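Numbering (our numbering), first residue to last: 15 to 504.
C-beta: ideal position from N, C-alpha, C; glycine also.
Bear in mind that the values here come from a model prediction, so they are computed numbers and not experimental data.
What follows is a set of notes on a single structure, which appears directly below.
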């Protein structure tokens, strides 16, 4: 495969390590309704190649992942890059792009972007991907953070254009780019343009007369290029983390599907946390809060991660505490919550009660501890009926990491017992933090392990594991085709 070199000054040729894995046998049957459920099959383990860059110490490949169609983007925000001014080496970050080859069904390296500014930008801390745009968050760039829009002509082309936007508030420490989200255009909806959301969870006093670290979310639209549309601001309470996570989604009723924006506010209310869902009105500057979800316990940081697909909203609370069954001491374990939005054809929409995984793990055999695993550090709705939650600190004192896969069957959410799964094939070593990032759809799944140890530098080189859903039985069968009504699969 010929390498692509984008015509951008901030890009370099990519030749990452690609470690293929054999197909994995099914690990067992699911307990949902007593019916065996399909599982994911590990197809490849990906690693970054830093050829042409300075020696790496802690690149953290897999800190963020974004998968859309046949394109996979991987963030490595700790990548050391030399600035245009020689001798200035810092953790500016890099993003690796892989493409799926349909003939061999393998994921191959395609492009690498690095960002040789004078700042430690940590680009690749967050990622979002749609048909024509790759959005990269650089929360440590400059004084307030930056986002980078990489554009391409269509989903089969390389990324060949770039736009940069710094913190819209022009403030120190806003950390814009901590979270990012994208949604494609959809004719016939209340937003026909591609849209983007950027979280700035430590923004101060924006606009004037709002006191404290209120946080904010900048909204962009794509009309002859990306441009700022408006900003939403957090509640006037110090240290809320408004914008720590963001998610964009189009949801019913049809026709005229509404553009929804979910914003995580994990620091609100003694860090109970909330998620606020806004609906766009007639213009890109018109947003109204439609719903609010509240964390279940003090310090849980509910809303640290969010993702919405169809009518399902997944929310992570990675610091939720549970009682230790052995000593009755509360320990931090984390949890996943799933809320449902349903609309009538006439246009009336309502939210259901939140379904919560009450106990993240069965007690271990000696019932002496529950793992401190940060379940919910990352969440992703693969489909409206399948949700994944990452637990990168599982198990306690080892932190190999885990991902837990939940399915809706017969009106009940349940854990696919074949998948709480670990990295298969060559097992990930301790401290890999598998599950730190997750992304996927009804076909493919990518899970990041950014602290996968590097035996040479003793730093964190990172890995990304790529899985296919129900590979052995129905690859490219009906499970993999979009049959949704206009405006298509969402």
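Are there 16 or more other CB atoms within 10 angstroms of the CB of residue i, so buried, or fewer, so exposed?
i           : result
residue 48  : With a pLDDT of 49 at residue 48, under the threshold of 50, the predicted position of this residue should be treated as unreliable, and no value is reported.
residue 359 : exposed
residue 421 : buried
residue 448 : buried
residue 426 : exposed
residue 36  : Here residue 36 scores only 30 on pLDDT, less than 50, and its place in the model should not be relied on; the value that follows carries that caveat. By the 10 Å Cβ count, residue 36 comes out exposed.
residue 457 : buried
residue 104 : buried
residue 296 : exposed
residue 416 : buried
residue 485 : buried
residue 496 : Confidence at residue 496 is low in this model, with a pLDDT of 35, below 50, so the placement of that residue should be treated as unreliable; the coordinate-derived value is given next. That one is exposed.
residue 375 : Low confidence applies to residue 375: its pLDDT is 47, below 50, so where it sits in the model is not reliable enough to give any reading.
residue 256 : buried
residue 407 : buried
residue 69  : exposed
residue 453 : buried
residue 77  : buried
residue 138 : buried
residue 238 : exposed
residue 286 : buried
residue 288 : buried
residue 183 : buried
residue 364 : exposed
Let's see if you can read the secondary structure: which residues bound the beta strand (DSSP E) around residue i?
i           : result
residue 193 : 193-197
residue 307 : 301-308
residue 396 : 392-397
residue 157 : Neither: residue 157 is in no beta strand (DSSP E) and is coded neither H nor E.
residue 82  : 78-82
residue 96  : 94-96
residue 232 : 230-236
residue 209 : 209-214
residue 174 : Careful: residue 174 lies outside any beta strand (DSSP E) and carries neither H nor E.
residue 247 : 240-247
residue 217 : Residue 217 -> no beta strand (DSSP E), and no H or E assigned at all.
residue 454 : 451-454
residue 418 : 416-423
residue 189 : Counting along the chain, residue 189 falls outside any beta strand (DSSP E), and DSSP gives it neither H nor E.
residue 344 : 344-346
residue 56  : 54-60
residue 64  : First-last for residue 64: undefined, no H or E at that position.
residue 296 : Careful: residue 296 lies outside any beta strand (DSSP E) and carries neither H nor E.
residue 105 : 103-105
residue 112 : 108-115
residue 388 : Where residue 388 is concerned, there is no enclosing beta strand (DSSP E), given that its DSSP letter is neither H nor E.
residue 353 : 349-357
Leaving out five residues before and five after residue i in sequence, what residues of the same chain have Cβ atoms less than 6 Å from its Cβ?
i           : result
residue 304 : 291, 293
residue 169 : 83, 145
residue 351 : 329, 368, 370
residue 337 : 344
residue 181 : 158, 159, 188, 190
residue 111 : 87, 124, 125
residue 114 : 84, 121
residue 399 : 422
Ignore the nearest five residues each way along the sequence and tell me which others in residue i's own chain have a CB closer than 7 Å to its CB.
i           : result
residue 445 : 413, 465, 467
residue 189 : 153, 159, 214, 215, 216
residue 332 : 315, 318, 348, 388, 389, 390, 391
residue 166 : 146, 172, 173, 174
residue 241 : 234, 235
residue 361 : 267
Beta-carbon within less than 8 Å of residue i's beta-carbon, same chain only, minus the 5 sequence neighbours each way: which residues are those?
i           : result
residue 300 : 294
*Indicate whether the contact test is met: 3 or more Cβ pairs, each with one atom in the segment 120-138 and one in the segment 195-202, closer than 8 Å.*
With a cut-off of 8 Å, the segment 195-202 and the segment 120-138 do not count as touching, because too few Cβ pairs lie within range.
*Scan the segment 265-291 and note each continuous alpha helix (DSSP H) run of 4 residues or more that stays entirely inside, going in chain order.*
Correct list: 282-285.
*Completely contained beta strand (DSSP E) runs for the segment 124-151, where each covers 3 or more residues*: The segment 124-151 contains these whole beta strand (DSSP E) runs: 140-143.
*asked:* Would the segment 226-236 count as touching the segment 255-263 if we require 3 or more Cβ pairs under 8 Å?
replied: Contact between the segment 226-236 and the segment 255-263 is established, with three or more Cβ pairs separated by less than 8 Å.
_Please give me, in chain order, every unbroken run of the beta strand (DSSP E) with length at least 3 that falls completely inside the segment 308-339._
Fully enclosed beta strand (DSSP E) runs of 3 or longer: 319-323, 326-331, 335-337.
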